[in-house]
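K.L.:
Take a look at this one; I'll ask things after.
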Amino acid sequence: MDDTLLWQIRHFVYQHFADTTHPPSVDITAAHFDITTEEAGEYYKELHNRHAFFLDLEPLTVRMANPFSGIPTDFKVHANDKTYYANCAWDMLGIPAALHTDAVIEAVCTESGETVQLEIRDGQITNYQSTNSQLLIHFPLPFARWYDDLTFT
Amino acid sequence: MLLFRSEEWIDKWCERNNIARGEALTIKQVWELSKLWYHNRLSLDYHGRNIEQVAEIFKQAGLTSDFWFA
């Protein structure tokens with residue numbers, strides 16, 4: 015396996031997420047790098063094994079390229095005239111951090127079910143309503159266990 | 072990682088799901104952590120991090136309890 019191509023594919027997947035809000039299919043990646051679909055699939059699996067992103071295996075699809083989610087979630091991030099989905103409450107802040115851009119975030123509070131809105135502007139959280147002053151993000155597992163079950167984490 | 076209105080809502084969720092409580096950070100703490108964690112994620116040169124690099128990010132973000140140790 016070509017290590018240079020491996021990391022180029024990781025970069026391509028992330029850039030595709032940034033440009034389009036969703037991951038490239040294996041076919042799109044194969045065509046971009048002029049390799050077979052089977053080869054592209056093997057590179058995807060290797061990147062999954064290295065925790066570069068997280069796959070659904072049937073069909074082979076990028077489920078998470080943190081902070082981006084390949085499926086809709088309760089954490090929407092509006093930025094650069096697009097709407098991204100984040101994997102979790104941390105990743106909803108990770109998207110504007112990764113894109114180095116302003117953003118408006120809509121998220122649902124777990125248990126209470128309330129929707130809240132946050133704004134990132136010039137590197138700071140703004141439009142931070144006083145009613146949101148106690149907003150917390152809960153990390154259920156210590157760092158040493160994050161990769162035991164990434165979907166739960 | 073999930074978003075909660077308050078400590079009380081976290082306690083309710085943990086109890087209802089029979090899940091041990093982890094650590095709760097404020098939204099501003101997680102924003103500062105996010106900038107350190109994700110700022111270079113779209114770079115071609117980003118190949119992941121080793122344990123020492125992760126520990127340094129947590130330290131810079133002020134996260135120093137055992138919960139954040141590998």
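Protein sequence lines, in the order shown, are assigned to chains U and L.
Heads up, the first sequence is in my numbering, so the first residue is 15 and it goes up one at a time.
Heads up, the second sequence is in my numbering, so the first residue is 72 and it goes up one at a time.
Don't be surprised by glycine CBs; every beta carbon is placed ideally from N, CA and C.
Buried or exposed: where does Gly-84/U fall if 16 or more other Cβ atoms within 10 Å of its Cβ makes it buried?
P.N.:
The residue is buried, with at least 16 neighbouring Cβ atoms inside 10 Å.
K.L.:
If the cut is a Cβ gap below 7 Å, which residues of chain L does Glu-125/U touch?
P.N.:
Near Glu-125/U (Cβ distances below 7 Å), the residues of chain L are Phe-75, Trp-80, Lys-83, Trp-84.
K.L.:
Rounded to whole angstroms, what's the CA-CA distance from Asp-33/U to Ala-132/L? Just pull it up for me.
P.N.:
For Asp-33/U and Ala-132/L, the distance between alpha carbons rounds to 29 Å.
K.L.:
Roughly how many angstroms separate the alpha carbons of Trp-102/L and Glu-128/U, rounded to a whole number?
P.N.:
Trp-102/L and Glu-128/U: Cα-Cα distance of roughly 20 Å.
K.L.:
From Cys-85/L to Arg-92/L, what distance separates their C-alpha atoms?
P.N.:
Cα to Cα, the separation comes out at about 6 Å.
K.L.:
Could you tell me the boundaries of the alpha helix (DSSP H) in which Gln-148/U lies?
P.N.:
Looking at the DSSP string, Gln-148/U is not in any alpha helix (DSSP H), and its letter there is neither H nor E.
K.L.:
Going by CA-CA distance only, name the one from Phe-157/U, Leu-113/U, His-152/U that's closest to Asp-82/L.
P.N.:
With distances taken between Cα atoms, Asp-82/L lies closest to His-152/U.
K.L.:
Could you give the DSSP three-state label for Arg-120/L: helix, strand or coil?
P.N.:
Arg-120/L: coil per DSSP, three-state reduction.
K.L.:
When you check each C-beta in the stretch 88-113 of chain L against every C-beta of chain U, which residues fall closer than 7 Å?
P.N.:
Hits within the stretch, in order: Ile-90, Gly-93, Glu-94, Ala-95, Leu-96, Thr-97, Ile-98, Lys-99, Val-101, Trp-102, Ser-105, Lys-106, Trp-108, Tyr-109, His-110, Arg-112, Leu-113.
K.L.:
Which residues in chain L sit within 8 Å of Phe-14/U, going by Cβ to Cβ distance?
P.N.:
A question about residue 14/U goes unanswered here, because the residues of chain U that appear run from 15 up to 167.
K.L.:
Assign Arg-135/U to buried or exposed, taking buried as 16 or more other Cβ atoms, counted over all protein chains shown, within 10 Å of its Cβ.
P.N.:
So Arg-135/U ends up on the exposed side.
K.L.:
Rounding to the nearest angstrom, what Cα-Cα distance links Trp-108/L and Glu-94/L in this structure?
P.N.:
Between Trp-108/L and Glu-94/L, the C-alpha separation is close to 18 Å.
K.L.:
Under the rule that 16 or more other beta-carbon atoms within 10 Å means buried, what is Leu-134/L, buried or exposed?
P.N.:
Buried, since its Cβ has 16 or more Cβ neighbours within 10 Å.
K.L.:
Evaluate Thr-97/U with the Cβ neighbour count: other Cβ atoms within 10 Å of its Cβ, from every protein chain shown; 16 or more gives buried, anything less gives exposed.
P.N.:
It is exposed - the Cβ of Thr-97/U has fewer than 16 other Cβ atoms within 10 Å.
K.L.:
Just the chain L side, please: which residues come within less than 9 Å of Phe-47/U by C-beta, in chain order?
P.N.:
Chain L residues near Phe-47/U: none, gap ~14 Å exceeds 9 Å.
K.L.:
Per DSSP, what kind of secondary structure is Ala-91/L in: helix, strand or coil?
P.N.:
It is coil, neither helix nor strand.
K.L.:
Provide the residue(s) that pair with Asp-70/U in DSSP beta bridges, ordered along the chain.
P.N.:
In DSSP, Asp-70/U forms a bridge with Thr-75/U.
K.L.:
To the nearest angstrom, how far is it from the Cα of Phe-170/L to the Cα of Trp-160/U?
P.N.:
Nothing can be reported for residue 170/L, as the shown portion of chain L is limited to 72 through 141.
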